[in-house]
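Numbering (full-length UniProt numbering), first residue to last: 1 to 445.
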């Protein structure tokens, strides 16, 4: 059965934060979440990468590992994984039918689309008897549908910046208060680097709840010729996915070190020094709780980590292309930092949702030698490319070029139309995970 036909009718219930509906639904399903030990991950950016690292390492260590993330790039089943493999479409359809059957026909306050797919994830992980599940928050934390476990193994806050303020509150302190809602009394917490205003709120909350807390500093990048970077033999039967951009069986060229643990770093960008350190700090807590995770499992798991659509190199009609879902100012800053290391003029192909901070994103990304080709984000509430073009020219009048196109394909065609020019420029597709997902879906055919 088509997953869209099961889930799209629920779109009319919108985004509606609150725990009553999901708790009622899970109770009617037998409270599957109570049978699943979890790592709970929130934050403005970095959640997905941290979930990917943790899932890969724990799978490599020999555990049965669930992973729940959102949004998906191409297919709904990407959100629910078991040992790094997405649930099959038929299995997901069957789960959704079970969940929907538990919803009373005459209910006044129907579960939302996100609550239904989240309930399906809990049900799947319980049915599959996972040893542990890595659960990514959908929006905020305190009132998110994933926030139904009283005793997570570890609660993780990756980063905090001003996003989704329409739902979470206008200030960093408001947003921090919502994210800190996943912290539970006496349960360990791992916290990434936070702005002072946000850190003060989180510090007060961990103190109030008496959470043993690790405040994580970024890992240190190791030189390519550093000693002691010898990979351990892979865990037998652990799967053979290679690190992104590496040939099968090779370890990534970049290595990092956090708290004496050296590991390969397959995901690109300096931000991964923070994200990977958060994952390693979490693994150290799990070790202290009795989980058997060897250094070899850490190295091989980190090496195999993939997280599509984030600083990912690909090709489009034989043209090399960098794609990144950067859709908020903090992510745009990280993208620009990576792009600057390449020392190449940039052609941006961008689409942004109407709800995003367009001006701050442009401030972070645009420079005088850049070209900007703006397109709509299909099937979502897209910002008007023409209005974005006016804003971009005001923010960066020195832009080498700024144009709009009716769809992504025409924008990419324009960016790659002159082979001589294209060979001298870096083409970057960014601005929305939904736009990146649309691109990857078309690429897959």
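The beta carbon of each residue, even a glycine, is placed where N, CA and C say it ideally should be. A quick note: this is a predicted structure, and the numbers were derived from the prediction, not measured.
Burial state of residue i (16 or more Cβ within 10 Å)
| i | result |
| --- | --- |
| residue 109 | exposed |
| residue 300 | buried |
| residue 329 | buried |
| residue 186 | exposed |
| residue 178 | buried |
| residue 431 | buried |
| residue 281 | buried |
| residue 8 | exposed |
| residue 305 | buried |
| residue 5 | exposed |
| residue 318 | exposed |
| residue 442 | exposed |
| residue 223 | exposed |
N-terminal and C-terminal residue of the beta strand (DSSP E) that residue i is part of
| i | result |
| --- | --- |
| residue 154 | 154-157 |
| residue 402 | 401-404 |
| residue 42 | 38-42 |
| residue 371 | 371-374 |
| residue 136 | 132-136 |
| residue 349 | 346-350 |
| residue 66 | 65-68 |
| residue 191 | 189-191 |
| residue 428 | 426-430 |
| residue 81 | 80-82 |
C-beta contact flag for residue i and residue j at 8 Å
| i | j | result |
| --- | --- | --- |
| residue 105 | residue 123 | no |
| residue 36 | residue 133 | yes |
| residue 146 | residue 135 | yes |
| residue 316 | residue 412 | yes |
| residue 365 | residue 336 | yes |
| residue 112 | residue 33 | no |
| residue 285 | residue 188 | yes |
| residue 221 | residue 57 | no |
| residue 376 | residue 426 | no |
| residue 138 | residue 70 | yes |
| residue 428 | residue 322 | yes |
| residue 392 | residue 372 | yes |
| residue 38 | residue 153 | yes |
| residue 216 | residue 175 | no |
| residue 433 | residue 309 | yes |
| residue 159 | residue 219 | no |
| residue 68 | residue 79 | yes |
| residue 172 | residue 195 | yes |
| residue 101 | residue 25 | no |
| residue 191 | residue 118 | no |
| residue 355 | residue 381 | yes |
| residue 333 | residue 295 | no |
Start and end residues, alpha helix (DSSP H) containing residue i
| i | result |
| --- | --- |
| residue 317 | Residue 317 -> no alpha helix (DSSP H), and no H or E assigned at all. |
| residue 301 | 295-304 |
| residue 94 | 89-101 |
| residue 338 | 329-340 |
| residue 24 | 20-28 |
| residue 124 | 113-127 |
| residue 53 | 47-60 |
| residue 206 | 196-209 |
| residue 361 | 358-365 |
| residue 390 | 385-395 |
| residue 412 | 408-415 |
| residue 398 | Note, residue 398: premise wrong, no alpha helix (DSSP H); not H, not E. |
| residue 419 | 419-422 |
Which of helix, strand or coil DSSP assigns to residue i
| i | result |
| --- | --- |
| residue 437 | helix |
| residue 35 | helix |
| residue 450 | Absent from the model: residue 450. The displayed extent of the chain is 1 to 445, so no value can be given. |
| residue 267 | coil |
| residue 258 | strand |
| residue 182 | helix |
| residue 9 | helix |
| residue 286 | helix |
| residue 382 | strand |
| residue 323 | strand |
| residue 272 | helix |
| residue 73 | coil |
| residue 308 | coil |
| residue 172 | helix |
Whole-Å CB distance - residue i paired with residue j, under 8 Å assumed
| i | j | result |
| --- | --- | --- |
| residue 408 | residue 362 | About 19 Å; that fails the 8 Å criterion. |
| residue 404 | residue 389 | 5 Å |
| residue 141 | residue 42 | 4 Å |
| residue 265 | residue 255 | 6 Å |
| residue 54 | residue 66 | Rounded, the Cβ-Cβ distance is 11 Å, inconsistent with contact. |
| residue 385 | residue 374 | 4 Å |
| residue 458 | residue 415 | No answer is possible for residue 458: it lies beyond the span of the chain, which begins at 1 and ends at 445. |
| residue 325 | residue 74 | About 13 Å; that fails the 8 Å criterion. |
| residue 180 | residue 201 | 6 Å |
Residue i beta carbon near the ligand NAD (any heavy atom closer than 7 Å)
| i | result |
| --- | --- |
| residue 127 | Looking at this structure, you won't find the ligand NAD or any other ligand, since it has none at all. |
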